[in-house]
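S.K.: Protein chains in written order, with the working numbering: chain A, 1 to 139; chain B, 140 to 258.
Glycine is no exception: its CB is placed at the ideal position from the N, C-alpha and C atoms.
Right, I'll just put the structure down here and ask away after.
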């Protein structure tokens with residue numbers, strides 16, 4: 001952990017150079033999973049924002065693998081959260097089918113785009129949006 | 140119409156791994172006046188088809204680490220259950236503020252972080 005942290009501090013964090021910790025680091029795995037799941041249920045967002053950096057920086061997983069793996073975790077996690085929300089009668093699912101189709105089409109476009117461009121600039125732009133929306137929701 | 144555009148945009152962001160739900164929830168709350176809990180439920184529902192499609196895309200590249208996914212998912216499911224129960228106990232204005240703080244934190248993190256090598 002200390003070595004890993006030191007590598008991060010130097011500033012040239014390269015996922016590939018970080019010595020991968022074994023997958024069976026139970027407590028670390030459990031913490032990342034629990035935090036990501038709680039964020040998913042509490043805030044209704046994926047949890048990839050926790051899972052991907054967690055896997056890359058704490059477990060030494062490569063960025064692309066972390067992204068792909070996080071999707072497989074988000075799926076059952078969202079399903080459980082959704083079931084809890086649904087049981088309380090908070091959501092009607094039928095009117096959402098159109099939205100689901102629109103988002104799915106967008107997701108295909110996004111996945112194709114990802115293989116052709118580096119979304120770094122988009123990330124920065126979206127970060128500004130998150131700050132603005134966050135402040136707007138706070139006040 | 141607005142909702143459809145929001146949906147397409149969040150899908151594209153999700154596909155790019157930038158964060159679909161982080162657009163959809165504030166979009167619905169701020170532009171459509173959707174109650175916070177409902178917006179979060181909608182976002183969760185939208186993740187199902189979106190992530191299935193994304194997983195299918197990734198299967199071809201063989202980048203998924205199955206055992207790691209299984210171990211993390213078994214913990215995140217417990218977190219999801221507890222988190223969702225907690226969310227439903229909180230009044231909407233409180234939940235909205237928590238969401239806002241998380242958004243701001245993520246915004247700052249994304250602005251400040253070093254891009255990963257193959258990002």
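So, do the stretch 141 to 149 of chain B and the stretch 86 to 100 of chain A have three or more beta carbon pairs nearer to each other than 8 angstroms?
M.R.: yes
S.K.: Work out the CA separation of residue 105 (chain A) and residue 205 (chain B) for me, nearest whole Å.
M.R.: When rounded, the distance between both Cα atoms is 26 angstroms.
S.K.: Taking only the alpha-carbon atoms, compute the straight-line gap between residue 42 (chain A) and residue 201 (chain B) and give it to the nearest angstrom.
M.R.: 31 angstroms
S.K.: List the residues of chain A that residue 193 (chain B) touches, going by C-beta distances under 7 angstroms, in chain order.
M.R.: Those are 71, 107, 111, listed as they occur along chain A.
S.K.: Buried or exposed for residue 155 (chain B), please, with buried defined as at least 16 other CB atoms from any protein chain shown within 10 angstroms of its CB.
M.R.: buried
S.K.: Could you please tell me which residues of the stretch 209 to 231 of chain B, in chain order, have their CB closer than 8 angstroms to any CB of chain A?
M.R.: 210, 211, 212, 213, 214, 215, 216, 217, 218, 219, 220, 221, 222, 223, 224, 225, 226, 227
S.K.: Suppose the cutoff is 8 angstroms on Cβ atoms and the five residues either side in sequence are ignored; what does the same chain contact list for residue 44 (chain A) look like?
M.R.: 81, 85
S.K.: Can you list, in chain order, the residues of its chain with a C-beta nearer than 6 angstroms to that of residue 70 (chain A)? Leave out the 5 residues immediately preceding and following it.
M.R.: 48, 51, 52
S.K.: Verify the CB distance criterion: does residue 131 (chain A) have a CB-CB separation below 8 angstroms to chain B?
M.R.: yes
S.K.: Mind checking residue 110 (chain A): buried by the 16 CB within 10 Å criterion, or exposed?
M.R.: Buried, because 16 or more other Cβ atoms sit within 10 Å of the Cβ of residue 110 (chain A).
S.K.: Flag this pair as yes or no: are the beta carbons of residue 56 (chain A) and residue 66 (chain A) separated by less than 8 angstroms?
M.R.: yes
S.K.: Using 8 angstroms as the cut-off, can you tell me whether the stretch 204 to 218 of chain B makes contact with the stretch 115 to 135 of chain A, which would need three or more C-beta pairs spanning the two stretches below that distance?
M.R.: no
S.K.: Using a beta-carbon distance cut-off of less than 7 angstroms, what residues from the stretch 140 to 156 of chain B approach chain A?
M.R.: 142, 143, 146, 147, 148, 149, 150, 151, 152, 153, 154, 155, 156
S.K.: Indicate whether at least one CB of chain A lies closer than 8 angstroms to the CB of residue 233 (chain B).
M.R.: no
S.K.: By Cβ distance below 8 angstroms, which residues in the same chain neighbour residue 135 (chain A) in space, the five residues on each side in sequence not counted?
M.R.: none
S.K.: Could you round the C-beta distance between residue 231 (chain B) and residue 175 (chain B) to whole angstroms and report it? I think they count as a contact, below 8 angstroms.
M.R.: 4 angstroms
S.K.: May I have the straight-line CA-CA distance separating residue 215 (chain B) from residue 116 (chain A), to the nearest angstrom?
M.R.: 31 angstroms
S.K.: Pick out whichever of A:133, A:128, A:92 has its Cα sitting closest to the Cα of residue 185 (chain B).
M.R.: A:92
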